[in-house]
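In the numbering used here, the protein residues as written are -19 to 215. Backbone N, C-alpha and C define an ideal beta-carbon position, used for all residues, glycine too.
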Ligand code: SF4
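Right, dumping it as structure tokens:
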């Protein structure tokens, strides 16, 4: 067995171990339908555990992302809980700061992430024992402290990152090996995919997350969802 196959099996075992620590019905995968999340969806579907899947629909995502969601539902026969921003908060934000506020300063960008992502996330996480994320250490300078299992003090539950030690090559090897559906934007140079107005394709040699909030400096490139584990002060 080659070393990569061994790594895949060790990761599946890592996930099984997590289910011994936490009641599977109180564990959920946070998916944005990026490559890492698709790997985790495949691994979790194979595990047969009654884990929940959820996504945050910010209202500003790419059409390709919604198509990926549809293809994932068809492939695995799973349901995603979809959490949207609070209507009143969103209307107030846009009325006061405009629809594309994120380009006019980091405070405005973080306010948008707060309303469209963080506040819905807080609703999802209340009541869960642990959430599973596709963070990897080598994704960016903000993620090199990611652990397999850590306490997420900001949200008051455990965070499980089974791919914490995977490389980008590991991710794509797994996707090819198991014919996992993926966001076709990855074939157009998008390595990390978020909301459409805040994501661009990356150029050869650029950091994986260089296309996210590209107008900001690298140490600010988190929306606040993973601030605690990443060791940065977030939204
Ligand atoms: S990524 Fe951009 S559009 Fe999406 S919530 Fe954050 S600032 Fe708003």
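Does at least one heavy atom of the ligand SF4 sit under 8 Å from the Cβ of residue 97? The residue you call residue 97 lines up with position 117 of the chain shown. Residue 97: yes, Cβ under 8 Å from the ligand SF4.
For residue 97, name the three-state secondary structure that DSSP assigns. Counting from one through the chain shown, the residue named residue 97 turns up at place 117. Here residue 97 sits in helix by DSSP.
Grouping DSSP H, G and I as helix and E and B as strand, with all else coil, what is residue -1? The count along the chain shown starts at 1 and reaches residue -1 at position 19. The answer is helix: DSSP assigns residue -1 an H, G or I state.
Reduced DSSP category for residue 140 - H, G, I as helix; E, B as strand; rest coil: For the purposes of this step, residue 140 is identified with residue 160 of the chain shown, where counting begins at 1. In the structure shown, residue 140 sits in a strand (DSSP, three-state: E or B).
Taking a contact to mean a Cβ-Cβ separation below 9 Å, would you say residue 16 touches residue 151 in this structure? The sequence position of residue 16 within the chain shown is 36, counting from 1. The sequence position of residue 151 within the chain shown is 171, counting from 1. Closer than 9 Å, so yes.
C-alpha distance - residue 208 paired with residue 131, whole-angstrom precision: The count along the chain shown starts at 1 and reaches residue 208 at position 228. The count along the chain shown starts at 1 and reaches residue 131 at position 151. At residue 208, the pLDDT of 41 sits below 50, so the modelled position is not reliable and the matter cannot be decided from this model.
Simplified DSSP state of residue 175, which is helix, strand or coil: As a first step, residue 175 is located in the chain shown; it is residue number 195 there, counting from the start. Three-state result, residue 175: strand.
For residue 146, count the other beta carbons within 10 Å of its own beta carbon; 16 or more makes it buried, fewer makes it exposed. Which is it? As a first step, residue 146 must be located in the chain shown, where it is residue number 166. Label assigned to residue 146: buried.
Residue interval of the alpha helix (DSSP H) (run including residue 67): By one-based count along the chain shown, residue 67 stands at place 87. First-last of the alpha helix (DSSP H) with residue 67: 67 to 77.
Along the chain, where does the alpha helix (DSSP H) that runs through residue 23 open and close? Position 43 of the chain shown holds residue 23. Residues 15 to 27.
Is residue 193 close to the ligand SF4? I mean its beta-carbon at under 8 Å from any heavy atom of the ligand. Taking the first residue of the chain shown as 1, we reach residue 193 at position 213. Under cutoff, so the answer is yes.
For the ligand SF4, is there any heavy atom lying closer than 8 Å to the beta carbon of residue 78? Numbered from its first residue, the chain shown carries residue 78 at position 98. Incorrect: residue 78 has no Cβ contact closer than 8 Å to the ligand SF4.
With three or more C-beta pairs closer than 8 Å as the rule, is the segment 108 to 123 touching the segment 81 to 90? no
DSSP three-state assignment for residue 153, whether helix, strand or coil: Mapped onto the chain shown, residue 153 falls at position 173. Of the three classes helix, strand and coil, the one that applies to residue 153 here is helix, per DSSP.
Taking 8 Å as the cut-off, is the beta-carbon of residue 180 closer than that to any non-hydrogen atom of the ligand SF4? One-based indexing of the chain shown puts residue 180 at position 200. Residue 180: no, Cβ never under 8 Å from the ligand SF4.
Compute every distance between the C-beta of residue 103 and the non-hydrogen atoms of the ligand SF4, then say whether any falls below 8 Å. On the chain shown, residue 103 is found 123 positions in, with the first residue counted as 1. No, the beta carbon of residue 103 sits no closer than 8 Å to any heavy atom of the ligand SF4.
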